[in-house]
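> Take a look at this one; I'll ask things after.
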Amino acid sequence: MMADLGTIAVLLGLALSLYAAASSVAGRLAGIPELVVSGRRAAYMTIPAAAIGSGALVTAFVNHDFSIKYVYEHSNLVMDREFIWVAFYAGNDGSLLYIATVYAGMAGLAIWVGERQRPEIMPFTSAILMGVLAFFFFVLAVFANPFAPLEFFAADGLGINPLLSHPAMFVHPPLLMAGLAGIALPFAYAAGALISGRTADEWLDLARVSGIVVWAILGSGVLLGAWWAYTILGWGGYWGWDPIENVALMPWLAMTAFIHSVMVQKRRGMFRMWNIVLLNVAFVLAQFGMFINRGGPVVSVHSFAASTLGAVFLSFMILSALFAFGVFFWRYPMLRSDRPIESFLSREVAFLVNNFLLLGIVFVTLWGVVFPLITEFASDGSVTVATPYFNRVNGPLFLVLIALMGIGPVLAWRKASGASVRRWLTIPLLLSAATALGLASAGIREPIAILAFAVLVFVASVIAEEWIRGTLARRRAGDNWALGWWRLLNGNRPRHGGYVVHLAILLLAFGVVGTQFFDQRGDFALRPGEAATIGDYRLVYTGSEETPRSDRVLRTGSIDVYKGATLIETLRPWHAFYPAFNQASVRAAIRSTPIEDLYVVPSDFLSDGRLVLRVSINPLAWWLWIAGPVFIAGTALALWPNPATETRRAPSPARPPAAAGPSSRRPVPGGQAEPGSTA
Amino acid sequence: MRTALLPLVILTLATVACGRPEPGLEQRAQRLESQIICPVCPGETLDQSQVQVARDMKVVIRERLNAGESEEEIRQYFVDRYGTRILAQPPTSGISLAVWLVPPVGFAAAAIGLYLVVREMRRRRQPAGTGLSGASEAGLGPYLKKVDEEMSGERDDSA
């Protein structure tokens with residue numbers, strides 16, 4: 000029953016999205032508005048179609064309907080009840096249905112919002128959005144039907160991969176997949192505007208806001224994945240430069256470049272072509288990510304192993320790239336900047352350098368992913384490109400990029416004066432040099448780490464300096480400290496929201512440097528009563544207990560942690576062996592403090608009664624996870640709608656681009672103390 | 000400012016340079032573990048891997064270090080048995096040299112390209128040939144200059 004309902008919903012979704020795309024374009028070209036409206040309604044109707052499909056699959060899971068092959072392969076009767084709900088996207092077919100559903104919702108929202116702000120570009124934009132959706136439904140209908148019947152009778156299913164039974168399963172995959180698919184939104188706004196011949200800035204605000212939203216979703220997904228890896232994979236790491244991790248990071252980096260560079264277009268009317276290129280690159284990289292993830296030629300711990308969809312996704316990626324750059328070159332002559340660059344020392348150039356570095360990291364990462372494939376074909380022995388390579392090549396690029404976060408904001412638009420830059424950077428540079436000196440004299444012997452900490456202090460103090468000076472100015476106007484600071488942030492939310500996001504990146508970098516350069520680790524095989532020493536800690540293994548579970552052997556070890564002679568904590572990591580999968584899943588016990596994490600994970604319980612423990616001390620790891628909420632807060636602040644500016648910008652879509660000059664150069668209200676606010 | 004910073008930087012570098020301690024046996028073992036891939040788990044280095052093979056290889060590394068072998072000799076030992084794919088970072092010879100050379104060469108080329116583009120975009124402002132925008136830019140010149148002056152004046156006051 001559910002299988003039939005789901006299959007019908009998928010086919011209906013395919014028909015609706017194809018019709019929506021075709022009739023939008025036909026109606027626009029033939030000048031029949033009714034056809035465009037009908038296409039739009041069909042686009043909205045894909046949302047219930049996809050939702051019914053997902054609902055049918057979830058219902059089948061909850062009812063243990065093992066006559067459906069996908070349910071049989073990804074659940075069983077004894078699995079924890081709460082994970083039944085997420086088993087629906089635990090495999091290739093179901094996760095595609097999830098993507099189709101969440102993407103249909105996002106595309107519907109994008110069409111609804113776009114229709115209210117820029118109706119003139121929407122027929123082509125919705126056609127692009129629906130074309131992508133039609134692809135997902137097509138794959139579901141033809142190659143990866145999650146409702147396919149099981150060929151034989153089964154009383155119980157195979158169950159869910161043990162590694163997926165983790166709280167992060169509820170948030171990491173949904174956010175990551177939504178973020179990757181959602182990059183189609185800003186792309187569709189831009190490409191739709193270009194095809195419509197609206198090559199000024201019609202698409203700009205829509206693409207910027209939707210771009211920041213999907214960028215934040217994707218970024219949160221990546222960070223949650225890192226946290227997941229940290230607690231479950233059992234080696235105390237959080238990022239392994241695995242191909243699948245890389246293909247999620249690359250579109251995020253390209254979108255990061257876009258949301259920076261788009262500010263130049265918003266404020267100065269420049270970089271129009273470049274911003275389109277960035278969106279095209281991000282969109283194609285997102286397709287590349289899906290290709291690698293679903294049957295690509297790269298071995299990874301995360302990929303859907305059984306998938307044979309590689310060729311399908313590769314074709315779609317190539318098609319996307321041809322379409323995106325075809326539109327771009329077709330409209331190329333119409334995309335020109337309003338203004339030239341005036342000085343090398345200007346915020347425009349700072350944004351260009353930012354883009355250069357971000358795309359540089361994308362390029363290195365892509366090169367590292369594909370190089371093993373090249374050698375596979377070109378020579379007999381293949382090579383591995385793993386963590387040490389990426390750290391060595393991307394590490395310095397990230398450091399320069401972070402340093403630029405401190406320089407860019409103090410440069411004025413158009414042309415910065417050397418005197419002003421010096422005035423803003425003197426204190427941060429002194430603080431940063433003092434940090435380096437302090438760390439070196441405190442006995443730290445890692446020159447790169449010292450340099451990195453100095454750079455972090457530099458950037459943080461540039462932001463702090465601006466906030467302190469601005470708040471001081473507000474205080475003279477009569478506000479108290481807190482109110483003055485809040486009004487400063489509120490006066491220019493995109494700018495200060497950006498600073499908060501920069502602070503989140505600094506926190507992340509702080510954690511990365513701490514864990515990369517100062518970690519200690521050891522493997523110990525202990526009998527009950529025996530102790531191991533690492534750093535200042537002494538760990539005593541007091542014994543383990545076995546909890547009977549139907550699907551696994553669950554053993555929890557007890558480890559007393561002493562610092563000196565005092566018992567500070569008892570850690571209880573567990574190790575679960577799933578005979579059906581012949582696979583173990585572990586959960587680390589972590590004593591987390593802002594200074595360092597003590598991380599204990601049971602690698603194995605040996606038959607002679609010994610427990611193999613992996614213990615590590617990860618300094619500053621706590622800060623990695625603090626960065627997440629700060630990142631979200633900053634994004635929210637930057638995006639919070641501003642009624643005043645909306646009403647000022649909304650009318651006169653036909654305004655010639657050059658006329659936007661004076662108004663966009665108006666001094667920002669309340670921004671007296673901002674460096675570079677002269678534009 | 001520069002005169003104040005320079006001694007600080009030199010002092011810092013000097014402090015760092017003189018005191019790097021010789022790594023102990025355990026440090027060298029762990030360094031090797033992060034450079035060698037576990038042969039049965041794709042993409043994971045020995046220190047990341049939890050499987051028995053990886054644990055055995057860690058023991059081998061320690062035995063060989065104890066026996067006085069250098070890190071290079073131990074790397075070579077594993078390469079001889081498993082091929083170059085056992086190394087987490089490709090060697091700097093043969094075809095793998097490309098993986099190291101392409102990024103810096105690409106960057107240098109892109110940086111030069113970026114410089115040329117920016118210079119070209121700068122030069123374009125001399126002739127007022129960009130139509131409407133150029134004209135309005137010229138007309139707005141005095142106004143913009145005044146805004147700039149007022150703004151920087153305000154900043155001086157507030158700072």
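Chains A and B, in that order, are what the protein sequence lines are. With numbering that gives the first Met the number 0, the residue at position 255 of the first sequence is 254, and numbering never jumps. With numbering that gives the first Met the number 0, the residue at position 122 of the second sequence is 121, and numbering never jumps. Note that the Cβ used here is the ideal one computed from N, Cα and C, for glycine as well. As the structure is a computational prediction, the values presented were derived from the model and not from experiment.
Specify the secondary structure class of L372(A) as computed by DSSP and reduced to three states.
helix
> Whose C-beta lies closer than 8 Å to the C-beta of Y71(A) among residues of the same chain, with five residues either side of it excluded?
F65, L149, A153, G156 and L157
> Among G469(A), F151(A) and D518(A), which has the Cα closest to the Cα of A490(A)?
The residue asked about is misnamed: residue 490(A) is Gly in this sequence, not Ala. Out of G469(A), F151(A) and D518(A), G469(A) has the C-alpha closest to the C-alpha of G490(A).
> Using beta-carbon positions only, say whether T383(A) and L64(B) come within less than 8 Å of one another.
no
> Kindly indicate which three-state DSSP category I182(A) falls into: helix, strand or coil?
Correct three-state label for I182(A): coil.
> Ordered along the chain, which non-local residues of its own chain (more than five positions away) have a Cβ less than 6 Å from that of Y97(A)?
Y88
> In chain order, what residues of the same chain lie with their CB nearer than 6 Å to the CB of V392(A), ignoring the 5 residues before and after it?
V363
> Which of the residues in the stretch 182-198 of chain A, read from start to end, lie with their CB under 9 Å from any CB of chain B?
Against chain B - using a Cβ distance shorter than 9 Å - the stretch 182-198 of chain A contributes no residues.
> Apply the 10 Å Cβ neighbour rule to P185(A) and answer buried if 16 or more other Cβ atoms are within range, or exposed otherwise.
buried
> So E545(A) is in the beta strand (DSSP E); what residue range does that whole segment cover?
Unbroken beta strand (DSSP E) run through E545(A): Y536 to P547.
> What does R74(B) reach in chain A if we use C-beta pairs closer than 8 Å?
What R74(B) touches in chain A: nothing, since even the nearest Cβ is about 12 Å away.
> Decide if V116(B) is buried, meaning its Cβ has at least 16 other Cβ atoms within 10 Å, or exposed.
exposed
> Taking CB distances under 8 Å as the criterion, tell me whether F604(A) reaches chain B.
no
> Alpha helix (DSSP H) containing Q34(B): first to last residue?
Premise fails: Q34(B) is in no alpha helix (DSSP H) and is neither H nor E.
> By DSSP's criteria, P601(A) is part of a beta bridge. Which residues make up the other side?
L612(A)
> Would you say S543(A) reaches chain B, if we count a Cβ-Cβ gap shorter than 8 Å as a contact?
It does not: the Cβ of S543(A) has no partner Cβ on chain B nearer than 8 Å.
> With DSSP collapsed to three states, give me the class of S584(A).
strand
> Among the candidates I462(A), V57(A), N617(A) and F146(A), whose CA atom is the shortest distance from the CA of K68(A)?
The candidate whose alpha carbon is nearest that of K68(A) is F146(A).
> Tell me, please, whether the CB atom of V98(B) is closer than 8 Å to any CB atom in chain A?
At a cut-off of 8 Å, the C-beta of V98(B) has a neighbouring C-beta in chain A.
> Between the Cα of E71(B) and those of R30(B), R84(B), G93(B) and D46(B), spot the shortest distance and give me the residue it belongs to.
The option with the nearest alpha carbon to E71(B) is R30(B).
> Quick one: using the 10 Å Cβ neighbour count with 16 as the cut-off for buried, is Y693(A) buried or exposed?
Residue 693(A) lies beyond the range of chain A shown here (0 to 678); nothing can be said about it.
> If you draw a straight line from the C-alpha of H171(A) to the C-alpha of A225(A), how long is it?
9 Å
> Can you give the Cα-Cα distance for L205(A) and A637(A), rounded to whole angstroms?
14 Å
> Any C-beta of chain A within less than 7 Å: which residues of the stretch 77-107 of chain B qualify?
G82, T83, R84, L86, A87, Q88, P89, I94, S95, V98, V101, P102, G105 and F106
> Which word fits F376(A), buried or exposed, when buried means at least 16 other C-beta atoms lie within 10 angstroms of its C-beta?
exposed
> Which chain D residues sit within Cβ distance under 7 Å of L351(A)?
Structure shown: chain D not included; protein chains present are A and B.
> Are A281(A) and M262(A) close, meaning C-beta to C-beta below 8 Å?
no
> For a contact defined as C-beta to C-beta under 9 Å, what are the partners of L109(B) on chain A?
Rather than Leu, the amino acid found at residue 109(B) in this sequence is Ala. Going along chain A in sequence order, the residues near A109(B) (Cβ under 9 Å) are F355, L358, G359 and F362.
> In terms of residues, what are the limits of the alpha helix (DSSP H) holding H501(A)?
R492 to F517
> Can you name the residues that DSSP bridges to P148(A)?
I67(A)
> Our contact map puts R266(A) next to W412(A) with C-beta atoms below 8 Å; I'd like the distance itself, whole angstroms only.
With 8 Å as the limit, R266(A) and W412(A) qualify as a contact, their Cβ atoms being about 6 Å apart.
> Following the continuous beta strand (DSSP E) through H574(A), name the residue where it begins and the one where it ends.
W573 to Y577
> Kindly list, in the order they appear in chain A, the residues whose Cβ is closer than 7 Å to that of I36(B).
T383 and A385
> S69(B) CB to nearest chain A CB: under 8 Å?
no
> Quick one: what's got a C-beta closer than 8 Å to A439(A)'s C-beta in the same chain, skipping five residues either side?
I449
> Spatial neighbours of D596(A) within its chain, please: CB distance less than 6 Å, with the 5 preceding and 5 following residues excluded, ordered by chain position.
I589, N617 and A620
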